[in-house]
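Engineer: One structure, pasted below without further comment.
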Amino acid sequence: MAKDENLNIAQEFIERQSAKKPGRPVFNEMLARIEKGEAQGIISWKLDRLARNPVDGGQISWFLQQGVIRHIKTHDRSFYPTDNVLMTSVEFGMANQFILDLKTNTKRGLDAKAKRGDYPGRAPLGYINDSRIKLVAVDKKKSKIVRRAFELYAEGNWRLEDAANFFAENGIKTKGGNPMKRDNVSYLLSNPFYIGLFRYTGELHEGNHEPIITKQLFDKVQAALKARSKPPSSPANHPQALCGAIRCGTCGMMITAEHKIKRQKNGNVHEYTYYRCTRKNKAVRCSEPPIREEMLDRQLSNLLKKYAMPADWAAELTKMSERDEKEAAQSTTALVQEARGEIQGISQKLQRLLDAYLDQDIEQETYRSERAGLLLRKKSLEEKIANPLYPSKNHSLKKFSD
């Protein structure tokens with residue numbers, strides 16, 4: 011265009027920032043140099059390449075009206091100070107409206123996707139964004155690491171630092187390529203995405219993606235996070251099973267128990283309970299060493315075998331156990347039906363809650379909070395239906411046969 015119009019190019023500017031927001035450094039430099047008189051015009055493919063926001067568009071229009079810019083050349087037309095300002099304003103206005111419409115339509119599309127249960131964002135650790143189906147899928151390798159992290163945190167006395175070390179040992183890093191920190195781990199362990207739910211624009215949604223962990227395990231981890239976030243207090247003397255029931259065989263004093271925790275460099279946490287003599291007998295120098303709880307249990311089991319249950323008693327208790335199993339199965343069926351009824355009630359409550367929110371009878375914060383509570387309860391009930399829990403027959407019979 012410059013060659014055809016016989017225009018002299020003072021300098022070429024390449025602006026890499028989007029024209030939808032003001033404050034672009036290259037654009038501002040270009041206008042500043044034009045204002046100094048280093049050039050009198052601009053060549054651009056289209057006017058909307060220069061500005062798609064009212065601030066920058068207004069500045070160009072003002073410079074054009076004042077004669078600071080004497081000529082703007084695009085591929086299909088030219089703009090001069092003597093032209094009707096309406097034409098320039100319309101083109102800049104159309105460019106700005108295009109951005110607004112694009113933003114609105116994009117948000118509308120993402121909202122619709124979330125309501126369908128499809129997560130409209132980047133999948134968290136343990137999942138991948140499958141470009142083929144445009145949905146979130148489970149990452150078979152990393153999902154196992156995430157699941158194990160939840161299990162270990164729920165089982166023992168893991169700290170957030172222990173979990174971070176566990177992820178580091180398994181080669182897991184943040185999206186920025188940095189090692190996981192306390193905040194990263196805390197966010198991961200609190201993310202309902204792993205039980206089939208997800209938050210979008212502050213609202214909890216039911217997802218179509220496959221859960222990695224159960225709601226029961228998630229609740230255990232939340233309880234552990236809450237308990238371990240409290241400031242440390244002085245250790246309490248928790249009651250132990252054998253304290254007060256056994257005396258030392260050497261000095262006759264009562265025994266006590268001590269709980270020990272061993273943390274390994276690989277993140278594993280081992281807990282042990284030792285029983286030892288209180289050694290309060292000043293007349294006897296007791297030399298009995300501490301003993302692990304497991305070893306003491308075996309000694310007591312061997313001792314109690316002398317008092318094993320008679321065979322006829324065991325047979326009668328086995329019959330009673332079988333009757334209990336049948337009753338438990340019937341009770342489980344009733345509980346499943348009750349859970350299904352509650353789920354149906356929750357669905358109705360969710361609809362009424364939405365109606366109240368749309369009618370502006372409740373605030374947005376109330377709507378989101380109550381909706382989240384209902385969805386979490388629904389998830390728990392669905393797990394109960396899928397995995398009805400009652401004592402297994404084999405487990406009960408084994409107790410009597412032992």
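Count the sequence shown with the numbering used here and you get residues 11 to 412, in order. Ideal placement from N, C-alpha and C gives every residue a C-beta, glycine not left out. Keep in mind that this is a model prediction, so the values were computed, not measured.
1) Taking a contact to mean a Cβ-Cβ separation below 8 Å, would you say T260 touches E298 in this structure?
2) May I ask which residues mark the beginning and end of the beta strand (DSSP E) holding A267?
3) Give me, in chain order, the residues of the same chain whose beta-carbon lies closer than 7 Å to that of Y163; leave out the 5 immediate sequence neighbours on both sides.
4) Please report the residue range of the beta strand (DSSP E) in which K83 lies.
5) Given a threshold of 16 other Cβ atoms within 10 Å of its Cβ, counted over all protein chains shown, does Q21 qualify as buried or as exposed?
6) Buried or exposed for V156, please, with buried defined as at least 16 other CB atoms from any protein chain shown within 10 angstroms of its CB.
7) Is S244 helix, strand or coil when you go by DSSP?
8) With a Cβ-Cβ cutoff of 8 Å, do G217 and G127 count as a contact?
9) How would you write the range of the beta strand (DSSP E) that N139 sits in, first residue to last?
10) Between the beta-carbon of I79 and the beta-carbon of G51, is there less than 8 Å?
11) Is K151 helix, strand or coil when you go by DSSP?
12) Helix, strand or coil for T283? Go by DSSP, reduced to three states.
13) For the beta strand (DSSP E) that contains Y210, what are its first and last residues?
14) Got a sec, what are the start and stop residues for the beta strand (DSSP E) G51 sits in?
15) Give the DSSP-derived three-state secondary structure of K183 in the structure shown.
16) Buried or exposed: H85, going by 16 or more other Cβ atoms within 10 Å of its Cβ?
17) Between G262, I301, Y137 and V279, which lies nearest to I222 when the distance is taken from Cα to Cα?
18) Report yes if the CB atom of K152 is closer than 8 Å to the CB atom of L135, and no otherwise.
19) Name the DSSP beta bridge partners of V231, please?
20) Does the ligand PLP have a heavy atom nearer than 7 Å to the CB of P64?
21) Rounded to the nearest angstrom, how far is the Cβ of I19 from that of V36, given a contact under 8 Å?
22) According to DSSP, is E392 helix, strand or coil?
23) On a CA-only basis, which of P32, G131, G277 and T283 is nearest P64? Give me that one, please.
24) What whole-angstrom Cβ distance do Y284 and A267 have, given they're in contact under 8 Å?
25) With distances taken from CA atoms, which of S311, P320, G277 and G262 is nearest R295?
26) Just tell me which of N278, H219, L306 and D58 has its CA closest to the CA of C287.
27) Using alpha carbons as the reference points, say which of M330, L386 and I395 lies closest to R350.
28) On the DSSP letters alone, give me the boundaries of the alpha helix (DSSP H) that L214 sits inside.
29) Measure the alpha-carbon distance for P189 versus N139 and round it to whole angstroms.
30) Once the 5 residues before and after A178 are set aside, which same chain residues still bring their CB inside 7 Å of it?
31) Taking the straight line between their C-alpha atoms, what separation do you get for L57 and L368?
32) What number of angstroms, rounded off, separates the C-alpha of R87 from the C-alpha of Y197?
33) Have a look at N201, G67, K183 and A29 and flag the residue whose alpha-carbon is nearest the alpha-carbon of L386.
34) Taking the CB atoms as reference points, tell me whether L363 and Y377 lie closer together than 8 Å.
35) Is the beta carbon of F73 sitting closer than 8 Å to the one on L41?
36) Got a sec? Which residues, its chain only, sit under 6 Å from R333 by beta carbon, not counting five neighbours each side?
Structural biologist: In terms of the structure at hand:
1) yes
2) I265 to R273
3) A173, L199, V231 and A234
4) H81 to K83
5) exposed
6) buried
7) Residue confidence for S244 is low, a pLDDT of 48 falling below 50, so the modelled location carries little weight and cannot support an answer.
8) yes
9) Y137 to D140
10) yes
11) helix
12) strand
13) L207 to Y210
14) G51 to I53
15) strand
16) exposed
17) Y137
18) yes
19) Answer is none; V231 lacks a bridge partner.
20) Questions concerning the ligand PLP fall outside what the structure shown contains, since it holds no ligand whatsoever.
21) I19 to V36, Cβ: 16 Å. No contact.
22) helix
23) P32
24) 7 Å
25) G262
26) L306
27) I395
28) It is not in any alpha helix (DSSP H) - L214 instead sits in the beta strand (DSSP E) that spans E213 to E216.
29) 22 Å
30) P189 and M190
31) 41 Å
32) 54 Å
33) N201
34) yes
35) yes
36) none
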